[in-house]
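K.L.:
Under the working numbering, the letters of the sequence shown match residues 601 to 815, in that order. Below is one structure. I have some questions about it.
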Amino acid sequence: MIGKDHHRADGVPSAAARPALPAAAAAIAGDLDGFRREMLRFAVLQLRDQASAEDAVQETLLAALQGADRFAERAKLKTWVFSILRNKIVDIIRRRVREPLYESPENEIDDTDFDPLFKSNGHWQGGARPSDWGNPEQSFENENFWQVFDACLNRLPPATARVFMMREMLGLETSEICQQLSISSNNCWVVLHRARMALRLCLDQQWFAGDGPSR
């Protein structure tokens, strides 16, 4: 096992230590350097705590190096590393004592924000209907799309973004989210609906409407 003194603060082995790494680990060490900033941003947004996020990222980087020989070539390296990070974040969340939110997330997005978008029968107003997203899978493969998605996610109120990420990115069950955040099941679904709506509107304006970054 690599001694702790040979690691930088971010958990990736220093250049001096890398020659001693197994070939599989040495092959991905440079790529892990490039992932770290995005990993930390993802962890901070979910855990709401810089120290815990740093710990999760460092544990992930070490786990990736130690398990490099088991890395499945059929999966992309970044996808594999982020799956490890998601598991680390879930472990941290589950170890925490129930942590009520200071602000109730269901109150962070006002219903009136969406009222002008719909008719009384619930259908879209003519000018408010989202544009045709065409083939969204093509966008998912575009790195610029995820930069826009990240910006849209950061525009959500923090507690709302947290609920969305716990459900959609970490894959937690609604019951566990409610237990962790001390909210009711009904409120959780309301928050998720509003978060998805806000993200859809933001992505429609910033990406799919054709006014976003060059694709």
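Ideal Cβ placement from N, Cα and C applies to all residues, glycine included. Being a predicted model, the structure only gives us computed values, none of them experimental.
Taking the alpha carbon of residue 680 as the reference point, which residue from 661, 693, 746 has its own alpha carbon closest?
P.N.:
With distances taken between Cα atoms, residue 680 lies closest to 661.
K.L.:
Indicate whether the contact test is met: 3 or more Cβ pairs, each with one atom in the segment 792-800 and one in the segment 682-694, closer than 8 Å.
P.N.:
The segment 792-800 vs the segment 682-694: no contact.
K.L.:
For residue 688, count neighbouring C-beta atoms within 10 Å of its own C-beta (all shown protein chains included) and say buried if the count is 16 or more, exposed if not.
P.N.:
By the 10 Å Cβ count, residue 688 comes out buried.
K.L.:
Excluding five sequence neighbours on each side, which residues of the same chain lie with their C-beta closer than 6 Å to the C-beta of residue 766?
P.N.:
Answer for residue 766: 772, 777, listed in chain order.
K.L.:
Among 629, 625, 646, which has the Cα closest to the Cα of residue 754?
P.N.:
Checking every option, the nearest Cα to that of residue 754 belongs to 646.
K.L.:
Please state whether DSSP places residue 804 in a helix, a strand or coil.
P.N.:
Helix, per DSSP.
K.L.:
Please state whether DSSP places residue 773 in a helix, a strand or coil.
P.N.:
In this structure, residue 773 counts as coil in the three-state DSSP scheme.
K.L.:
Secondary structure at residue 785, three-state DSSP: helix, strand or coil?
P.N.:
Residue state, collapsed to three classes: helix.
K.L.:
Taking the alpha-carbon positions, what's the residue 768 to residue 757 distance?
P.N.:
So the two alpha carbons sit approximately 16 Å from each other.
K.L.:
Just verifying my parser: in three-state terms, what is the DSSP assignment at residue 632?
P.N.:
Helix at residue 632.
K.L.:
Check residue 649 in the structure and name its three-state DSSP category.
P.N.:
Looking at residue 649 - three-state DSSP - the assignment turns out to be coil, as it is neither helix nor strand.
K.L.:
Grab the span of the alpha helix (DSSP H) containing residue 694 for me, first residue to last.
P.N.:
Residue 694 -> alpha helix (DSSP H) spans 677-695.
K.L.:
Applying the criterion that 16 or more other CB atoms from any shown protein chain within 10 Å of the CB defines a buried residue, is residue 695 buried or exposed?
P.N.:
Under this definition residue 695 is an exposed residue.
K.L.:
Do the CB positions of residue 628 and residue 668 come within less than 8 Å of each other?
P.N.:
Closer than 8 Å, so yes.
K.L.:
How would you label residue 651, buried or exposed, when you count the other beta carbons within 10 angstroms and need 16 or more for buried?
P.N.:
The residue is exposed, with fewer than 16 neighbouring Cβ atoms inside 10 Å.
K.L.:
Going by alpha carbons, who is nearest to residue 659 out of 643, 783, 780?
P.N.:
The shortest C-alpha separation from residue 659 is found at 643.
K.L.:
Going by alpha carbons, who is nearest to residue 761 out of 790, 806, 807, 779?
P.N.:
Cα-wise, what sits closest to residue 761 is 790.
K.L.:
Looking only at C-alpha atoms, which of 625, 750, 764 sits nearest to residue 671?
P.N.:
Closest by alpha carbon: 625.
K.L.:
From residue 678 to residue 750, what distance separates their C-alpha atoms?
P.N.:
If you take the alpha carbons of residue 678 and residue 750, they lie about 16 Å apart.
K.L.:
Whose C-beta lies closer than 8 Å to the C-beta of residue 785 among residues of the same chain, with five residues either side of it excluded?
P.N.:
The residues are 774, 775, 778.
K.L.:
For residue 759 and residue 794, what's the separation of their Cα atoms in angstroms?
P.N.:
Those two C-alpha atoms are separated by around 12 Å.
K.L.:
Would you mind stating whether residue 803 and residue 752 have Cβ atoms separated by less than 8 Å?
P.N.:
Yes; because the gap between Cβ atoms is below 8 Å, this pair is in contact.
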